[in-house]
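In UniProt numbering, the protein residues as written are 1 to 782. Each remark here refers to the structure printed beneath this line.
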Amino acid sequence: MASIPSLAVSGGAVATAFRAVLAADAHKPPPGSVGFDKGNSYQGSTQVLENGRLEAPPRPLDAQEAMAMLKEGQSVQSAMYVPLLHRCIETGSLGGAKALHGHMVKTGTIVDIFVATSLVNVYMRCGNSQDARNLFDEMPEKNVVTWTALITGYTLNSQPVLALEVFVEMLKLGRYPSDYTLGGMLSACVASHNIDLGKQVHGYTIKYGAASITSIGNSLCRLYTKSGNLESGIRAFKRIPDKNVITWTTMISACAEDENYTELGLNLFLDMLKGEVMPNEFTLTSVMSLCGTSLDMNLGKQVQGFCFKIGCATNLPVKNSTMYLYLRKGETEEAMRLFEEMEDNSVITWNAMISGFAQIMDSAKDDLHARSRGFQALKIFRDLVRSAMKPDLFTFSSILSVCSTMMALEQGEQIHAQTIKTGFLSDVVVNSALVNMYNKCGCIEYATKAFVEMPTRTLVTWTSMISGYSQHGRPHDAIQLFEDMILAGAKPNEITFVSLLSACSYAGLVEEAMRYFDMMQNEYHIEPLMDHYGCMIDMFVRLGRLDDAYAFIKRKGFEPNEAIWSSLVAGCRSHGNMELAFYAADRLLELKPKVVETYVLLLNMYISTGRWRDVARVRKLSKHEDLGILRDRSWITIRDKVYFFKADDRSHPQSTELYQLLETLLEKAKAIGYEPYQNTELYDSEEDGKPAAGSLKHHSERLAVALGLLKAPPGVTVRITKNITMCRDCHSSIKFFSLLANREIVVRDSKRLHKFKDGRCSCGDFDVRNMDPLLALSTVGG
Ligand SMILES: [Zn+2]
Ligand SMILES: [Zn+2]
Numbered sequence: 001m002a003s004i005p006s007l008a009v010s011g012g013a014v015a016t017a018f019r020a021v022l023a024a025d026a027h028k029p030p031p032g033s034v035g036f037d038k039g040n041s042y043q044g045s046t047q048v049l050e051n052g053r054l055e056a057p058p059r060p061l062d063a064q065e066a067m068a069m070l071k072e073g074q075s076v077q078s079a080m081y082v083p084l085l086h087r088c089i090e091t092g093s094l095g096g097a098k099a100l101h102g103h104m105v106k107t108g109t110i111v112d113i114f115v116a117t118s119l120v121n122v123y124m125r126c127g128n129s130q131d132a133r134n135l136f137d138e139m140p141e142k143n144v145v146t147w148t149a150l151i152t153g154y155t156l157n158s159q160p161v162l163a164l165e166v167f168v169e170m171l172k173l174g175r176y177p178s179d180y181t182l183g184g185m186l187s188a189c190v191a192s193h194n195i196d197l198g199k200q201v202h203g204y205t206i207k208y209g210a211a212s213i214t215s216i217g218n219s220l221c222r223l224y225t226k227s228g229n230l231e232s233g234i235r236a237f238k239r240i241p242d243k244n245v246i247t248w249t250t251m252i253s254a255c256a257e258d259e260n261y262t263e264l265g266l267n268l269f270l271d272m273l274k275g276e277v278m279p280n281e282f283t284l285t286s287v288m289s290l291c292g293t294s295l296d297m298n299l300g301k302q303v304q305g306f307c308f309k310i311g312c313a314t315n316l317p318v319k320n321s322t323m324y325l326y327l328r329k330g331e332t333e334e335a336m337r338l339f340e341e342m343e344d345n346s347v348i349t350w351n352a353m354i355s356g357f358a359q360i361m362d363s364a365k366d367d368l369h370a371r372s373r374g375f376q377a378l379k380i381f382r383d384l385v386r387s388a389m390k391p392d393l394f395t396f397s398s399i400l401s402v403c404s405t406m407m408a409l410e411q412g413e414q415i416h417a418q419t420i421k422t423g424f425l426s427d428v429v430v431n432s433a434l435v436n437m438y439n440k441c442g443c444i445e446y447a448t449k450a451f452v453e454m455p456t457r458t459l460v461t462w463t464s465m466i467s468g469y470s471q472h473g474r475p476h477d478a479i480q481l482f483e484d485m486i487l488a489g490a491k492p493n494e495i496t497f498v499s500l501l502s503a504c505s506y507a508g509l510v511e512e513a514m515r516y517f518d519m520m521q522n523e524y525h526i527e528p529l530m531d532h533y534g535c536m537i538d539m540f541v542r543l544g545r546l547d548d549a550y551a552f553i554k555r556k557g558f559e560p561n562e563a564i565w566s567s568l569v570a571g572c573r574s575h576g577n578m579e580l581a582f583y584a585a586d587r588l589l590e591l592k593p594k595v596v597e598t599y600v601l602l603l604n605m606y607i608s609t610g611r612w613r614d615v616a617r618v619r620k621l622s623k624h625e626d627l628g629i630l631r632d633r634s635w636i637t638i639r640d641k642v643y644f645f646k647a648d649d650r651s652h653p654q655s656t657e658l659y660q661l662l663e664t665l666l667e668k669a670k671a672i673g674y675e676p677y678q679n680t681e682l683y684d685s686e687e688d689g690k691p692a693a694g695s696l697k698h699h700s701e702r703l704a705v706a707l708g709l710l711k712a713p714p715g716v717t718v719r720i721t722k723n724i725t726m727c728r729d730c731h732s733s734i735k736f737f738s739l740l741a742n743r744e745i746v747v748r749d750s751k752r753l754h755k756f757k758d759g760r761c762s763c764g765d766f767d768v769r770n771m772d773p774l775l776a777l778s779t780v781g782g
């Protein structure tokens, strides 16, 4: 699974909001001033002349006047440069700054500490930190304002490490930092993620009695919350006597980014209102995002009302997070309405819609709903591409994950092309999402190509590719890639080991599996989880080494789950060890299974062995657990369209042709060795006395395959997703279809990926013994 930031969008919105809060923060001087301490400002200060008389402050000039005076060569006062320097900042004119610099040197005004300091600031704000530093070094005299200008300037120019160095330099020279210096330093620590130095600066703020100054306190809150230390952030927060809107917003938005602090965030918001501090749009955006996490529609609506009241309902981040809340709450129509009404949306808006639909798709109970949500996401993406807006990283990773889930290869390929066009292909997150998409769509070659071409790889990418090989029945490639990964210095995690062990299990490589199982614990200190045990036990079951499987189950500190007991039951059955099978079945029933397939497995076993009392017991339990019915559904994408099939579906306009094609294929298949699955078990029936799903021949995936063979262009792989596991008979017949039609057919069912080619399946038929045909009988078409 590619690393798609959870709540990416609201997180992004908060980040944007946060940047704006940062920009608006009080400790940061407005453009044009260097955060001069009071009384240090040149303009407006009164000067005491030698004779003790006060001279009126120089009249503030505008830029034109100043320029004119300089040109006329009147006696030059430093103050004349001030409006011109401001102008350079406003227009970002580095050339202008350099010209003024030259002029100051000529007139000798450069020795004026105030003017020179202003020029350091101008260079920094025009993005030229080197000239700022050169000038700084040439200054014969420097005061704390000069030092601060250099420090905040480096942070502004994304060179926080240099800022930190200057700060250390300053302290070594015995200079005392001002509140502004400390505030600037804290910002540098936040920007460079240097929490240790940040803590030291925190010490200074206490030493200089500055910790209770609101702007410094705000910086401390930001330092701790941004470094993931929310508890320390809260402590710093509590020590601020005069909390302003920035203080509250800093903490609330920090809570909005960590799901564990949702409640605290909402409580802080209430406290803020009680303290009569007026929230701003950034606060409200974060609160909306908190409502999104806690799915608190009620509060969300109140906040929405509040936004109207204070007039920020039309503010884009507020609108985005409101829309996202409706989406998360499943109120898609309202969300769509808000979306369509927005005239001035941003890419964040589009991302919120796409990832919102992707999330409800993933959490949808019902496959049909999931599909339709996925479609909406794809449609919104298409509209985005047509609009003037440019998709970004989050857009691509969300939409590619939608394609993976829907197995929409064609759309995925188009998006791949988009990533090349927009230059996002080089991004590791997008690239990982691509590898994942190709793997999930059964295109191992494309996935490999994308993987090989990646300039850098993350743990997620390595793991995704190892899992891809494992799923595609290429265990040796998976193992080789794991070894390459270690050589490349990447550190595997528990998910990597699941894929690796599953590859070993698939290939029956007992020795390797044991070695990796030990390596995981001893070298990487990862305690085995259920899935790791599952792979090992599965392997022994497949090899018929039931005693070894049982020994593994009996390991200390391990409680097998439903899937593992089921695997053992199925394995024992197929290897004829009924004693162990019945024992495992009893343990399985003690767990009160939750999966319908488990009941089918048990029913099959008890019916075929004539244990009617157990049959009744299983039936009773299954009723009690109220599992609903297994619904058999398949989807196939052909070109841009998706077709949906139930079992025995006759709703497709070409269904006569489809059924005819299936008959023909089955006849041909029988001629070359296909044996339809016949078993007395088939006569078990539902209470109304007739089989619920009709014939095995018309399971949904077969109808989908028939349509694919009929309509997909020659040579194109037929790709199908199925919501439950395939049955043995479908699996076997589709192997023959792939041979007869000379076509690659990929079916991704709820358990794994089957790639049928030339009469074989990539799964190696290992799971087939778990695919009981009785599934058909407890499966309902409608
Ligand atoms: Zn079937
Ligand atoms: Zn298979």
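Backbone N, C-alpha and C fix where the C-beta goes; we use that ideal spot for every residue, glycine too.
Query raised in the report: Between residue 290 and residue 255, is the Cβ-Cβ spacing less than 8 Å?
Result: Within the sequence shown, the letter at position 290 stands for residue 290. Within the sequence shown, the letter at position 255 stands for residue 255. Yes, the pair counts as a contact, with Cβ atoms nearer than the cut-off.
Report the three-state DSSP secondary structure of residue 205 (helix, strand or coil). Counted from its first residue, the sequence shown places residue 205 at position 205. Reduced to three states, the DSSP call for residue 205 is helix.
Task: residue 285, enclosing beta strand (DSSP E) - first and last residue - done: Position 285 of the sequence shown, counting from 1, holds the residue named residue 285. Per DSSP, residue 285 belongs to no beta strand (DSSP E); it is in the alpha helix (DSSP H), 281-294.
Checklist line | Residues near residue 205 by beta carbon distance below 6 Å, same chain, minus five either side | finding: Looking up residue 205 in the sequence shown gives position 205. The residues are 182, 211, 216.
_residue 357, enclosing alpha helix (DSSP H) - first and last residue_ = Counted from its first residue, the sequence shown places residue 357 at position 357. Its alpha helix (DSSP H) spans residues 347-363.
_What would DSSP say about residue 247, mapped onto helix, strand or coil?_
Your numbering for residue 247 matches position 247 in the sequence shown. Here residue 247 sits in helix by DSSP.
Measure the CB-CB distance between residue 799 and residue 370 and report whether it falls below 8 Å. The question about residue 799 has no answer, for the chain in this structure spans 1 to 782.
Residue from 442, 196, 654, 530 with nearest C-alpha to residue 749: Reading the sequence shown from its first residue, position 749 is the one you call residue 749. Out of 442, 196, 654, 530, 442 has the C-alpha closest to the C-alpha of residue 749.
Beta-carbon proximity of residue 277 to residue 243, cut-off 8 Å = What you label residue 277 is simply residue 277 of the sequence shown in a count that begins at 1. What you label residue 243 is simply residue 243 of the sequence shown in a count that begins at 1. In this structure, residue 243 lies closer than 8 Å to residue 277 by Cβ.
- Query: Is there contact between the stretch 393-401 and the stretch 423-434, where contact requires at least three CB pairs shorter than 8 Å?
  - Reply: yes
Helix, strand or coil at residue 783 [DSSP, three-state] = Given a span of 1 to 782 for the chain in the structure shown, any question on residue 783 remains unanswerable.
- Residue from 461, 385, 507, 653 whose Cα sits closest to the Cα of residue 428: The residue given as residue 428 occupies position 428 in the sequence shown. That would be 461, whose Cα lies nearest to the Cα of residue 428.
Endpoints, beta strand (DSSP E) assigned at residue 746
In the sequence shown, counting from the first residue as 1, residue 746 sits at position 746. Start and end: 745-748.
query = Are residue 84 and residue 94 closer than 8 Å when you measure CB to CB?
reply = In the sequence shown, the residue the question calls residue 84 occupies position 84. In the sequence shown, the residue the question calls residue 94 occupies position 94. Against a cut-off of 8 Å, the Cβ pair of residue 94 and residue 84 comes out as no contact.
(request) Say yes only if the C-beta of residue 765 is nearer than 7 Å to one or more non-hydrogen atoms of ligand 2, and no if none qualify. (result) Along the sequence shown, one-based indexing puts residue 765 at 765. At least one heavy atom of ligand 2 is nearer than 7 Å to the Cβ of residue 765, so yes.
Q.
Is residue 731 near ligand 2 - that is, is its Cβ less than 7 Å away from at least one heavy atom of it?
A. The residue labelled residue 731 in the question sits at position 731 within the sequence shown. Yes, the Cβ of residue 731 comes within 7 Å of a heavy atom of ligand 2.
Check the C-beta distance from residue 493 over to residue 464 and give it rounded, since I have them as a contact under 8 Å. Mapped onto the sequence shown, residue 493 falls at position 493. Mapped onto the sequence shown, residue 464 falls at position 464. Not a contact, Cβ separation roughly 12 Å.
- Task: Using the DSSP secondary-structure output, state which residues sit across from residue 757 in a beta bridge.
- Result: Here residue 757 refers to the residue found at position 757 of the sequence shown. DSSP output for residue 757 lists 760 as bridge partner(s).
_Only counting the same chain, and skipping five residues up and downstream in sequence, which positions put a Cβ closer than 8 Å to that of residue 588?_
Reading the sequence shown from its first residue, position 588 is the one you call residue 588. These residues qualify, in order along the chain: 562, 565, 566, 569, 598, 602.
**OP:** Give the single residue among 368, 285, 763 whose Cα lies nearest to the Cα of residue 508.
**Re:** On the sequence shown, residue 508 is found 508 positions in, with the first residue counted as 1. Comparing Cα-Cα distances from residue 508 to each of 368, 285, 763, the minimum goes to 763.
### Query
Taking the continuous alpha helix (DSSP H) assigned at residue 634, which residues delimit it?
Start at 1 with the first residue of the sequence shown, and residue 634 comes out as number 634. Here residue 634 belongs to no alpha helix (DSSP H); instead the beta strand (DSSP E) covers 633-638.
request  = Counting only the same chain and skipping the five closest in sequence on each side, list residues whose C-beta sits under 6 Å from that of residue 380.
outcome  = Position 380 of the sequence shown, counted from the first residue, corresponds to residue 380. Cβ within range, chain order: 353, 354.
*Where residue 113 and residue 103 are concerned, what is the direct C-alpha to C-alpha distance, given to the nearest angstrom?*
As a working mapping, residue 113 is identified with position 113 in the sequence shown. As a working mapping, residue 103 is identified with position 103 in the sequence shown. Using only the alpha carbons, I get a separation of about 16 Å.
Residue 448, buried or exposed, once every other Cβ within 10 Å from all chains shown has been counted against 16: The count along the sequence shown starts at 1 and reaches residue 448 at position 448. The residue in question, residue 448, is buried, as its Cβ has 16 or more Cβ neighbours within 10 Å.
**Prompt:** beta strand (DSSP E) containing residue 381: first to last residue?
**Reply:** As a working note, residue 381 is residue 381 in the sequence shown. Here residue 381 belongs to no beta strand (DSSP E); instead the alpha helix (DSSP H) covers 367-386.
Notebook entry, point to check: Using a threshold of 7 Å, is the CB atom of residue 454 nearer than that to any non-hydrogen atom of ligand 1?
Noted result: The sequence position of residue 454 within the sequence shown is 454, counting from 1. Checking the Cβ of residue 454 against ligand 1 gives no.
query = Are the beta-carbon atoms belonging to residue 321 and residue 262 less than 8 Å from one another?
reply = Reading the sequence shown from its first residue, position 321 is the one you call residue 321. Reading the sequence shown from its first residue, position 262 is the one you call residue 262. No, the pair does not count as a contact, with Cβ atoms beyond the cut-off.
- Beta-carbon proximity list for residue 547, same chain, < 7 Å, skipping 5 on both sides: Your numbering for residue 547 matches position 547 in the sequence shown. So the list is empty, once near-sequence residues are dropped.
Less than 7 Å between the CB of residue 761 and some heavy atom of ligand 2, yes or no?
For the purposes of this step, residue 761 is taken as the residue at position 761 of the sequence shown. Answer for residue 761: yes, Cβ within range of ligand 2.
Problem - residue 326, enclosing alpha helix (DSSP H) - first and last residue - result: As a position in the sequence shown, residue 326 is number 326, starting the count at 1. Note, residue 326: alpha helix (DSSP H), 316-328.
- request: Compute the beta-carbon to beta-carbon distance between residue 411 and residue 385, rounded to the nearest angstrom, for a pair I have assumed lies under 8 Å.
  value: In the sequence shown, counting from the first residue as 1, residue 411 sits at position 411. In the sequence shown, counting from the first residue as 1, residue 385 sits at position 385. Between residue 385 and residue 411 the Cβ distance is about 11 Å, and since that is not below 8 Å, they are no contact.
Per DSSP, what are the beta-bridge partners of residue 719 in this structure? On the sequence shown, position 719 is the one that residue 719 refers to. In DSSP, residue 719 forms a bridge with 746.
query = Is residue 308 helix, strand or coil when you go by DSSP?
reply = Here residue 308 is taken as the residue at index 308 of the sequence shown, counted from 1. Reduced to three states, the DSSP call for residue 308 is helix.
| In its own chain, which residues sit with a C-beta less than 8 Å from the C-beta of residue 537, not counting the 5 before and 5 after it? | Position 537 of the sequence shown, counted from the start, is the residue given in the question as residue 537. Correct list, in chain order: 549, 552, 553, 560, 564, 567, 568.
Return helix, strand or coil for residue 595, following the three-state DSSP convention. Numbered from 1 along the sequence shown, position 595 holds the residue referred to as residue 595. Residue state, collapsed to three classes: coil.
May I ask you to report which of helix, strand or coil DSSP gives residue 677?
Sequence index remark: in the sequence shown, residue 677 carries index 677 (1-based). Three-state DSSP puts residue 677 in coil, outside helix and strand.
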